[in-house]
Amino acid sequence: MSSITLVRVYQRSFNAYPYSTLAVAGGSLTALGDVVAQLSQQIITSGNDHSRGYCYDVARTLRFFCFGAGMSPIIGRWNKYLEVKFPLLSYRGRATNYTALSKRVVVDQLVMAPIGLSIFLSSMGVMEGRDPNHIRSKFKDIYQSALLANWKIWPAAQFINFRFMSLPYRVPFQQTCGVFWTLYLSLLNSTESEKQDAEDALLRTLEQQP
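Numbering (the numbering used here), first residue to last: 6 to 215.
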């Protein structure tokens, strides 16, 4: 299937079922980010030790798909709100209003970025079966650093997104750019989860000792 045909199929699907289309596209691209993350993680941890077996975590990728599928319609509605709240065309549609464009980016980063990161950490914790104490610990350890990293990367990407992408393609563009951001979040979340699992195992060992 050519890229032009794929775009046409996507456009027809979006016109008929906008939020379902965003959910499938967003979930797939977010899952792809975790696939890249797991492969990268395997290369980093294994190095040149070919004797170590590869154990791909399918459930982890499914969790990322569920997060992306659930989050993408929310982002779609958010983009529609920004489109109405901060229209980019000035009077008679003759020029782009860069003040409104800047407001879109600022509001997006100050409102949706913190909310989206909170939903990510919370939903991942729930899907991993972690209790509230573990989820709060994950927030304490990685939320601030992840949000600061977000603010270093995403304003430029969103500026391009809001300026050049039409409304149906903003979530796919964001999720495509976000493959490597998902890689970062996946590695960050996985490292923190492994840390918590190790601490829990140590605690259970100590409790079993006489």
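Where a beta carbon is used, it is the ideal one built from N, C-alpha and C, also for glycine.
Every value quoted in this text rests on a predicted model; they were computed, and no experiment measured them.
With a cut-off of 8 angstroms on the beta carbons, I'd call valine 41 and valine 184 a contact; round off their distance for me. 6 angstroms
If you reduce the DSSP assignment to three classes, tell me which class leucine 93 lands in. coil
Counted within 10 angstroms of its Cβ, other Cβ atoms place phenylalanine 91 as buried (16 or more) or exposed: buried
Presumed contact (8 angstroms Cβ cut-off) between tyrosine 24 and glycine 75, rounded CB distance: The pair is not a contact, with the Cβ atoms about 11 angstroms apart (cut-off 8 angstroms).
Looking at phenylalanine 72: is its Cβ nearer than 8 angstroms to the Cβ of phenylalanine 144? no
Beta-carbon contacts of aspartate 136 that lie in its chain and below 6 angstroms, excluding the five residues immediately before and after: none
Could you give the distance in angstroms between the alpha-carbon of leucine 86 and the alpha-carbon of alanine 162? Per the sequence shown, residue 86 should be read as tyrosine rather than leucine. One C-alpha to the other measures close to 19 angstroms.
Is it true that the CB of proline 119 sits closer than 8 angstroms to the CB of leucine 152? yes
Same chain only: Cβ atoms within 8 angstroms of glutamine 179, ignoring 5 sequence neighbours per side: Ile80, Ala162, Gln163 and Asn166
Please tell me whether serine 18 and threonine 26 are closer than 8 angstroms, where the distance is taken between their beta carbons. yes
Spatial distance of aspartate 202 from glutamate 133 (CA atoms): 11 angstroms
Within its chain, find whatever has a CB closer than 6 angstroms to the CB of arginine 68; leave out the 5 residues flanking it on each side and keep chain order. Met132
Close beta carbons around isoleucine 147, own chain, < 7 angstroms, minus the five adjacent residues each side: Leu193 and Glu197
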